[in-house]
Amino acid sequence: MSGANMDKSITLPADEIFRNLENAKRFAIDIGGSLTKLAYYSTVQHKVAKVRSFDHTGKDADQALLYEISEQEEITARLHFIKFENTYIETCLDFIKDHLVNTDTKVIKATGGGAYKFKDLIEKKLGLKVDKEDEMTCLIKGCNFVLKNIPHEAFVYVKHADPEFRFQTTHPNIFPYLLVNIGSGVSIVKVETEDKFERIGGSSIGGGTFWGLGALLTKTKKFDELLQLAAKGQHTNVDMLVKDIYGGGYQILGLTGNLIASSFGKSSTVDKEFSKEDMAKSLLHMISNDIGQLACLYAKQHNLSQVYFGGFFIRGHPVTMHTITYSINFFSKGEVQALFLRHEGYLGAIGAFLKGAEEDNPNLYSWGENYAGSSGLMSTSPDVFPMQRSRSGTFDMLEMDRLERQLVNLPLLFDPSSYVPDTVDLTEDAMAREYWLTCFEDALEGVAKRAVASQPDAKDAADRAGKFQQKYWNKLQTLRHQPFAYGSLTVRSLLDTREHCLNEFNFPDPYSKVKQKENDIALKCYQKVIRSLDALGWEEKQFALVKGLLAGNVFDWGAKAVSE
Numbered sequence: 002m003s004g005a006n007m008d009k010s011i012t013l014p015a016d017e018i019f020r021n022l023e024n025a026k027r028f029a030i031d032i033g034g035s036l037t038k039l040a041y042y043s044t045v046q047h048k049v050a051k052v053r054s055f056d057h058t059g060k061d062a063d064q065a066l067l068y069e070i071s072e073q074e075e076i077t078a079r080l081h082f083i084k085f086e087n088t089y090i091e092t093c094l095d096f097i098k099d100h101l102v103n104t105d106t107k108v109i110k111a112t113g114g115g116a117y118k119f120k121d122l123i124e125k126k127l128g129l130k131v132d133k134e135d136e137m138t139c140l141i142k143g144c145n146f147v148l149k150n151i152p153h154e155a156f157v158y159v160k161h162a163d164p165e166f167r168f169q170t171t172h173p174n175i176f177p178y179l180l181v182n183i184g185s186g187v188s189i190v191k192v193e194t195e196d197k198f199e200r201i202g203g204s205s206i207g208g209g210t211f212w213g214l215g216a217l218l219t220k221t222k223k224f225d226e227l228l229q230l231a232a233k234g235q236h237t238n239v240d241m242l243v244k245d246i247y248g249g250g251y252q253i254l255g256l257t258g259n260l261i262a263s264s265f266g267k268s269s270t271v272d273k274e275f276s277k278e279d280m281a282k283s284l285l286h287m288i289s290n291d292i293g294q295l296a297c298l299y300a301k302q303h304n305l306s307q308v309y310f311g312g313f314f315i316r317g318h319p320v321t322m323h324t325i326t327y328s329i330n331f332f333s334k335g336e337v338q339a340l341f342l343r344h345e346g347y348l349g350a351i352g353a354f355l356k357g358a359e360e361d362n363p364n365l366y367s368w369g370e371n372y373a374g375s376s377g378l379m380s381t382s383p384d385v386f387p388m389q390r391s392r393s394g395t396f397d398m399l400e401m402d403r404l405e406r407q408l409v410n411l412p413l414l415f416d417p418s419s420y421v422p423d424t425v426d427l428t429e430d431a432m433a434r435e436y437w438l439t440c441f442e443d444a445l446e447g448v449a450k451r452a453v454a455s456q457p458d459a460k461d462a463a464d465r466a467g468k469f470q471q472k473y474w475n476k477l478q479t480l481r482h483q484p485f486a487y488g489s490l491t492v493r494s495l496l497d498t499r500e501h502c503l504n505e506f507n508f509p510d511p512y513s514k515v516k517q518k519e520n521d522i523a524l525k526c527y528q529k530v531i532r533s534l535d536a537l538g539w540e541e542k543q544f545a546l547v548k549g550l551l552a553g554n555v556f557d558w559g560a561k562a563v564s565e
């Protein structure tokens with residue numbers, strides 16, 4: 002593709018892709034065989050609501066406001082990760098060069114095989130020295146980071162279930178685990194601590210084998226097209242099953258009739274042409290079963306039950322995840338669990354960034370996914386085309402905000418690993434999901450109006466509120482079609498997404514003025530209410546307190562009934 006064609010084929014709006022690039026402080030890049038993952042750290046300026054109380058000892062105290070709300074600018078740290086096809090790397094580097102200002106960065110951390118291939122291009126375009134980091138070290142660092150910081154990062158894939166994705170809660174102790182990285186070959190790594198890991202095995206039969214043999218068998222050169230063929234194929238037309246040999250199952254050995262006895266076994270005994278789809282499906286099963294059995298054996302040998310799969314061979318493809326899951330379940334008899342990661346494609350870039358940011362001690366902070374600036378998982382259903390992201394085949398984004406303090410589990414929890422704060426998982430309950438999505442959608446216009454009212458002196462408030470309304474509406478439509486896009490869908494995550502969208506357009510609290518008015522009235526009545534409670538007998542006092550708690554919890558400006 003020529004440079005001119007590149008410029009015409011994609012547009013790079015700075016408010017959607019490479020956001021906050023003008024404040025970028027540090028870069029890292031992971032270049033694979035077909036995809037580039039760029040990471041950078043930036044500072045973000047946004048409004049926060051601050052409260053200042055007044056002295057109320059004067060004669061006009063009853064008429065004066067008890068406190069004042071002011072909005073101040075605050076600077077926070079954010080990590081940006083962008084994933085795009087290598088085809089666009091030169092255009093993207095030009096875009097970064099044109100928009101990069103006021104940076105003291107002299108080095109870009111790089112990992113992946115393509116870091117050698119594109120080293121000169123990166124140094125020429127950006128004027129930064131490429132500092133190569135070990136690929137496996139970056140991968141492990143990235144995996145540890147997402148498992149610790151992103152709730153519902155890991156999931157089990159169950160093809161015929163509803164939903165297909167079953168997300169795992171964040172465990173306070175992620176170690177030890179097995180990471181099976183399936184690239185051209187396979188590397189199997191045992192991870193024991195943040196810094197202690199060991200490659201305990203591997204195989205030359207991996208993603209490159211599937212791609213290479215698939216190209217020879219089907220004349221299809223593109224990896225994703227090969228997987229699309231496999232998704233349509235029927236492997237039993239090519240594979241020899243146990244029942245093809247014995248007429249049924251081999252009960253003495255516990256083998257069912259539908260079990261594959263020989264991959265591609267029928268190709269030597271049946272005189273016919275096999276379809277590309279069937280051959281691709283048979284090949285996928287053969288490679289996946291081999292990897293699954295190998296991973297299972299290593300997991301059992303090292304007494305590990307958590308096995309995470311990553312690498313370009315996975316890339317969120319349902320047909321691949323299903324075949325690997327089936328293989329692990331079969332060979333382990335359900336004792337080992339195949340787990341996949343929402344952001345497995347970013348692990349190398351995250352790890353490379355962390356290597357370059359060690360002096361800032363990024364692990365001393367907690368980080369949270371910013372839903373407003375992240376793409377989320379794509380749908381596994383081919384029918385969900387209306388809501389596919391406009392650049393889904395070209396760009397994916399992940400943004401993470403830094404919290405100024407490290408989050409810890411509540412010490413009073415009996416078992417933090419089993420604690421789930423959400424009562425309903427909306428990915429599993431379709432009726433509840435529709436109800437809550439409709440509630441949030443119906444309330445959206447009112448929230449936008451409240452946001453404008455919270456900033457009466459801001460001339461651009463209405464324009465920003467309109468942009469917030471459109472962005473959050475788009476998120477809600479995505480979640481209608483892809484409820485698993487950001488992990489488990491809950492009422493809490495819907496509120497978090499709305500808050501992230503509000504913050505993006507500088508609305509720290511749309512209900513601040515309403516709260517101020519309500520609190521002012523309540524606080525002025527406080528002493529009178531306390532005196533009346535003190536005058537009650539013990540039993541009456543308990544009933545009054547309970548009724549007060551219930552009454553206080555009934556009224557909610559976010560509630561649909563109240564809004565109406």
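Take any residue in the sequence shown, count from 1 to its spot, add 1: that is its number in the numbering used here. For every residue, glycine included, the Cβ atom is placed at its ideal position computed from N, Cα and C. If you're wondering where the values come from, they're calculated on a predicted model, not measured in any experiment.
Taking the beta carbon of residue i as the centre, do at least 16 other beta carbons fall within 10 Å, making it buried, or is it exposed?
i: D443; result: exposed
i: H161; result: exposed
i: E553; result: Per the sequence presented here, residue 553 reads as Gly, with Glu not at that position. Classification of G553: exposed, given that the 10 Å Cβ count is below 16.
i: L1; result: The structure shown has nothing for residue 1, since the chain only spans 2 to 565.
i: C502; result: buried
i: P164; result: buried
i: E370; result: buried
i: S382; result: Bear in mind that the predicted position of S382 carries a pLDDT of just 42, short of 50, making it too unreliable to give a figure here.
i: D240; result: buried
i: R20; result: buried
i: L496; result: exposed
i: A1; result: Nothing about residue 1 can be read from this structure; the chain reaches only from 2 to 565.
i: E278; result: buried
i: Y247; result: exposed
i: P457; result: exposed
i: D397; result: buried
i: I18; result: buried
i: E359; result: exposed
i: D121; result: exposed
Assuming residue i and residue j are in contact, meaning their beta carbons sit under 8 Å apart, how far apart are those beta carbons, in whole angstroms?
i: I206; j: I315; result: Going by Cβ atoms, the distance from I206 to I315 rounds to 16 Å, so no, they are not a contact pair.
i: G114; j: G33; result: 7 Å
i: R434; j: L490; result: 7 Å
i: G352; j: T138; result: 7 Å
i: L480; j: L438; result: 6 Å
i: R79; j: V45; result: 5 Å
i: L534; j: K542; result: 6 Å
i: T428; j: F166; result: 7 Å
i: Q517; j: I70; result: 6 Å
If we call anything under 8 Å between Cβ atoms a contact, is residue i one with residue j?
i: V448; j: P509; result: no
i: F354; j: K110; result: yes
i: L285; j: F211; result: yes
i: I83; j: V181; result: no
i: A40; j: A29; result: yes
i: G576; j: G208; result: Since the first residue shown for the chain is 2 and the last is 565, residue 576 is missing from the structure and cannot be characterised.
i: E148; j: A296; result: The sequence given here has Leu at residue 148, not Glu. No.
i: N145; j: I189; result: no
i: E400; j: S375; result: yes
i: N290; j: S328; result: yes
i: V192; j: I141; result: yes
i: Y347; j: K476; result: no
i: T221; j: G213; result: no
i: G377; j: Q483; result: yes
i: Y117; j: G202; result: no
i: Y68; j: V52; result: yes
i: K460; j: F506; result: no
Closer than 7 Å: is that where the CB of residue i sits relative to any heavy atom of the ligand MG?
i: K476; result: Judged by which ligands are present, the structure shown has none, so any question about the ligand MG falls away.
Checklist line | Runs of beta strand (DSSP E) lying entirely within the segment 244 to 284, each at least 3 residues, in chain order | finding: 261 to 263
Notebook entry, point to check: Where are the beta strand (DSSP E) runs, 3 residues long or more, that stay fully inside the segment 195 to 237, in chain order?
Noted result: 198 to 204
Notebook entry, point to check: Are the segment 273 to 293 and the segment 320 to 332 touching by the rule of at least three beta carbon pairs closer than 8 Å?
Noted result: yes
Margin query: Across the segment 145 to 156 and the segment 338 to 345, are there enough close Cβ pairs to call them in contact, namely three or more that are closer than 8 Å?
Written below: yes
Margin query: So within the segment 445 to 470, which uninterrupted alpha helix (DSSP H) runs reach at least 4 residues, ignoring any that extend past its ends?
Written below: none
Checklist line | Sufficient close CB pairs (3 or more, under 8 Å) joining the segment 394 to 412 to the segment 358 to 367 | finding: yes
Check: Would you call the segment 93 to 103 and the segment 113 to 131 in contact, with 3 or more CB pairs under 8 Å?
Finding: yes
Notebook entry, point to check: Can you find at least 3 beta carbon pairs, one from the segment 267 to 275 and one from the segment 304 to 313, that sit closer than 8 Å?
Noted result: no
Checklist line | Length at least 4, wholly inside the segment 479 to 528: the alpha helix (DSSP H) runs in chain order | finding: 492 to 505
Margin query: Going residue by residue through the segment 329 to 371, where are the continuous beta strand (DSSP E) segments of at least 3 residues, counting only ones entirely within it?
Written below: 338 to 342, 367 to 370
Item checked: Complete runs of the beta strand (DSSP E) confined to the segment 110 to 188 [at least 3 residues] -> 130 to 133, 155 to 158, 166 to 168, 178 to 183
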